[in-house]
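Report on the structure given below.
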Amino acid sequence: MIAKILWPTMLIALALVTGLLQLDRQADLSPALAPLVPQPLRNYAQPRIAALAAEGGDGALALTEAKRLVLRRPVPAEHLTLLAIAQTKAGERERAGLTIQIAGQRGWRDPVAQEAVLRLALAANDLPEAARRYGALFLRRATPDTLLSDLAPAVLAETDGPGQRALVDIISGTDRWNSIFLRRGVKVMPPATFADIAVASIKRGTRFDCALLLQTIRGMGQKDPAAAARVAAAARRDCPEIGP
0 MIAKILWPTM LIALALVTGL LQLDRQADLS PALAPLVPQP LRNYAQPRIA ALAAEGGDGA
60 LALTEAKRLV LRRPVPAEHL TLLAIAQTKA GERERAGLTI QIAGQRGWRD PVAQEAVLRL
120 ALAANDLPEA ARRYGALFLR RATPDTLLSD LAPAVLAETD GPGQRALVDI ISGTDRWNSI
180 FLRRGVKVMP PATFADIAVA SIKRGTRFDC ALLLQTIRGM GQKDPAAAAR VAAAARRDCP
240 EIGP
């Protein structure tokens, strides 16, 4: 008799848990469903819950939900970024600074963490680190050009300074930068700064596409002829078609 009662009950409980787990997974695509998932079963739903709490005005709640998220899923850098935001809301600014630095080290593709670490590096006058974070944001297509333009003077303004040297090291160390630097750098950096970095990279052995480089130099010439002339002079050895 007891077995007849327990068996259907177990099946109903299993079906209920399965349904809630499916609801949890669906919450990743439909954030409005996240609050419907019971707290012990939140896996996909917890990042949504933590993000909603971070956007709200209750710092204590934001911190509780963010800590719960990191305890449950500690690896993603984005989760540490949420924790840093919650810590800031809760008034734990020193802890937030440490957390965002860890997030920045762990996840180079997390733009919020990269920007935060960049600004921390600027505050500490660590221009090489700021330049590395700038590079991570620069390579990310979704990073707004306006943000890169706003940050460039603080990170890269000094000719042959530590920020510029760090970025030249990155550019000259891989072919991945060659075309994107020419296409985007000329738009988001002051002409003189772009020329400094382009010339230094060429001297370090970086080979840019000559046709794209010529197009870039012509475009620069309309804004800053002197900067364009410096790049042209450095590039003529590898690209004779640039002309005198």
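Using numbering that gives the first Met the number 0, the final residue of the sequence shown is 243, and nothing's skipped along the way.
The beta carbon of each residue, even a glycine, is placed where N, CA and C say it ideally should be.
query, result
"From this set, P143, E157 and R183, which residue's C-alpha is nearest N124's C-alpha?", "E157"
"So, at 8 angstroms on beta carbons, what are the nonlocal neighbours of Q100 in its own chain, with the 5 sequence-adjacent residues on each side left out?", "V116 and L119"
"Measure the CB-CB distance between I216 and A227 and report whether it falls below 9 angstroms.", "yes"
"Return the first residue and the last residue of the alpha helix (DSSP H) that G55 is part of.", "G55 -> no alpha helix (DSSP H), and no H or E assigned at all."
"Could you say which of A83, G55 and G56 lies nearest to A65 if we only look at CA atoms?", "A83"
"Is the Cβ-Cβ distance between E91 and L62 less than 9 angstroms?", "yes"
"Could you give the first and the last residue of the continuous alpha helix (DSSP H) run that contains C209?", "C209 to K222"
"Can you list, in chain order, the residues of its chain with a C-beta nearer than 7 angstroms to that of L138? Leave out the 5 residues immediately preceding and following it.", "I179"
"If you run the structure through DSSP and keep just helix, strand and coil, what is A244?", "What the structure shows of the chain is the stretch from 0 to 243, and residue 244 is not part of that stretch, so it cannot be assessed."
"Let's test the definition: count the other Cβ atoms within 10 Å of the Cβ of K202 and tell me whether it reaches 16, buried, or not, exposed.", "exposed"
"Below 7 angstroms CB to CB, which residues in the same chain sit around E240 once its five sequence neighbours on both sides are set aside?", "C209 and L213"
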